[in-house]
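Engineer: Each residue of the sequence shown is one higher than the one before, starting from 75 at the first, in the numbering used here.
What follows is a single structure, and I will ask about it in a moment.
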Amino acid sequence: MRLSLSLSCMVILILLVELSLPVFMRSEINSPGEATVTIREFEECTLAVVDGDNNWAHLDNGILIIDLNGEVIGRREVRTFGSESDPIFEISNNRVEDMECQLILLLNGVPRRTIIRIYVKTSYSNVKSFWITSFTKEGGIGSFTLRGMDTARFWIGIYTIWASSGEVEAHLRVDGSLGNVSLEADILNFNIKFKIG
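The structure is reproduced here in structure tokens:
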């Protein structure tokens, strides 16, 4: 109960910070160019990095690395990387059947007073967001439906409230399953890295 209350208080505090006066630095960073590179394609899905000139994302041994170390995050800041119209990466469902996708946290290296917010938008849904804090347990953190022949766009927000300086890392996976077809797909493993200055 105490952990749930602490997490609720932190989320409310982050939302207040997001809406507060410009005491906190707030910025949105979009890539200046449109560069779509298909990295991984198989029968069920296609993964594309839409990264422009920022070089935030690259593939390393089959894992998508979202490396924001070139963008130092302040100790109290709200920063968004990408947007609905300029995502960091996309996953497309190549099947006509709907795919149920789950976002799974594999490793949580998020310090106290820091939140990673992963935004997901499909053509048929509102923007969903999934929060990772120091209290988030490893395992499933949320799910979304990717309809047949649809694409999910992903971008990231980072929130800090007097966070300690240092490097931050979180490892995640997107899994997909088709209800009427026996398919369990490990669609994507991805890591998020950044520095708090």
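Just so it is clear, CB atoms sit at the ideal spot from N, CA and C, and this is done for glycine as well.
Fair warning: this is a prediction, and the values are worked out from it, not measured in the lab.
1. In its own chain, which residues sit with a C-beta less than 8 angstroms from the C-beta of T196, not counting the 5 before and 5 after it?
2. To the nearest angstrom, report how far apart G214 and L177 are at their CA atoms.
3. Determine the closest residue to T234 out of E212, L180, S166 and W205, with distance taken between C-alpha atoms.
4. Give the secondary structure of S166 by DSSP, where H, G and I count as helix, E and B as strand, and everything else as coil.
5. So, helix, strand or coil for S251, using DSSP?
6. Report the three-state DSSP secondary structure of S80 (helix, strand or coil).
7. Give the DSSP bridge partners of V184, in chain order.
8. Is it buried or exposed, R191, if we count other Cβ atoms within 10 angstroms and call 16 or more buried?
9. Since S203 sits in a beta bridge, which residues does DSSP pair it with?
10. Going by DSSP, what residues sit across from E212 in a beta bridge?
11. Between the C-alpha atoms of G253 and N168, what's the straight-line distance to the nearest angstrom?
12. In the DSSP assignment, what residue or residues form a beta bridge with T217?
13. Compare the C-alpha of P161 against each of C119, G250, G216 and I140 and name the closest.
14. Short check: CB of L181 to CB of R247, under 7 angstroms?
Structural biologist: So, from the listed chains and residues:
1. F218, T219, L220, R221, D224, T225, A226 and R227
2. 6 angstroms
3. W205
4. strand
5. strand
6. helix
7. Answer by DSSP bridge pairing: none, since V184 is not bridged.
8. buried
9. Y193
10. According to DSSP, E212 bridges with nothing at all.
11. 15 angstroms
12. The residue you asked about is not Thr; residue 217 is Ser in the sequence shown. Looking at the DSSP assignment, S217 forms a beta bridge with Q176.
13. I140
14. no
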